[in-house]
Amino acid sequence: ASATPCLTTVTYFIIKGISDVPELQLPIFLLILLVYLFTLTLAGNMTILVLVCLDLRLHTPMYFFLGNLSILDICGSTITLHNILFMFLTGYDRISYSTCITQMYFFSCFTSNELLLLTAMGYDRYVAICNPLHYSVVMNRRTCVVLAAACSVVGFIEIIPYVVLLLNLTCYKSNIINHFFCDIMFIIKLSCSDTSALDMLFFTGGLLVLGVTPFLLTFVSYSFIIAAILRIRLSSGRQKAFYTCSSHLTVFILLYSSLFFQYVVPVCVGVSTLDFNKVFSLFNTAAVPILNPIIYSLRNKDVSAALKHPKSPGLDP
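If you're matching positions, the sequence shown starts at 36 in this note's numbering and goes up one per residue.
As structure tokens, then:
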């Protein structure tokens with residue numbers, strides 16, 4: 036049994052942030068502020084979202100899902116990065132227990148929703164490449180709305196059991212979170228209560244249901260896509276077909292890689308320090324939301340054309 040004294044009542048947590056070095060606080064603040072503003076504006080997610088809503092050429096299923104992805108990126112960055120900005124401006128590093136659990140819940144929901152949405156986008160690319168003649172019938176507006184809504188509902192409901200189990204934790208070794216937001220792994224590590232149920236749920240629900248299952252579904256979609264592309268005789272046709280799904284595939288690999296190194300690697304290889312998680316959390320919440328719209332705008336002719344010459348939609352088709 037551990038000799039570490041436990042706090043039976045925790046009303047707030049102390050967020051340590053990214054670094055304890057005083058000289059690094061201002062550069063970190065400026066960098067995070069720049070990253071967050073870029074996520075919202077310029078060629079960031081807000082610009083992509085506005086273009087998808089207003090430009091006639093982007094009123095297609097792929098860009099509908101991209102608009103939803105932009106919303107999730109904006110929400111995920113806002114709910115996590117604001118801690119760093121608020122702490123620097125006010126010097127206040129405390130977060131109430133209820134606010135911490137709420138932040139953890141919504142961040143987990145947005146992440147789960149994004150994984151499921153990428154799966155739906157993979158299915159969209161599968162229909163576009165493997166069944167192009169029936170694409171407009173299969174991926175109609177109703178189907179897109181139902182898929183996006185299902186991703187949101189499942190993403191928000193699936194996290195509720197985690198919150199219920201977290202609220203049942205009665206004592207903590209410390210109320211200091213060595214992170215810049217309330218991550219579920221850090222909260223579990225602080226508890227001196229029995230977390231076996233949470234650990235099991237984290238493995239089955241988090242890793243298998245929301246990690247492996249969407250990954251396998253997307254992998255199956257791309258297996259059929261690659262097989263269909265290889266059957267195309269003309270090289271120009273193969274390049275055009277691969278081009279239509281290259282952006283989504285890039286974003287898919289980027290997100291899963293960051294989450295793998297953030298949550299799976301520290302557990303599997305027995306990394307003792309949670310700073311490893313913190314580094315990839317920062318990449319996932321700051322870098323990935325910036326890279327997503329850049330990948331789509333740089334590698335997609337429709338988005339590039341909409342940025343240069345917006346076209347009024349008139350009546351939505």
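Even glycine gets a Cβ: it sits at the ideal position worked out from N, Cα and C.
Query	Result
Straight-line gap, F216 to I67 (C-alpha atoms, nearest Å)	14 Å
Reduced DSSP secondary structure (H/G/I, E/B, other) of F216	coil
Whether N166 touches L107 by CB criterion (8 Å)	no
For S228, the three-state DSSP class (helix, strand or coil)	coil
Alpha helix (DSSP H) runs contained entirely in the segment 233-292, provided each spans 4 or more residues	248-265
Outcome for F315 when other beta-carbon atoms lying within 10 angstroms are tallied against a minimum of 16	buried
For I130, three-class secondary structure by DSSP	strand
According to DSSP, residues forming a beta bridge with F48	I130
The alpha helix (DSSP H) enclosing R176, as first and last residue numbers	R176 to E193
Neighbourhood of T253 by C-beta distance below 7 Å, restricted to the same chain and skipping five residues each side	L153, T154, G157 and F287
Alpha carbon of T146 to alpha carbon of D218, nearest angstrom	12 Å
Inter-residue spacing [alpha-carbon to alpha-carbon] between S281 and R176	23 Å
Cβ-based burial, G52 [other Cβ within 10 Å; buried from 16]	buried
Those runs of the alpha helix (DSSP H) which lie wholly inside the segment 76-111 and span at least 4 residues	80-89
Opposing strand residues paired with I211 [DSSP bridges]	I49
Closest residue to I192 among C144, H214 and S133 (Cα-Cα distance)	C144
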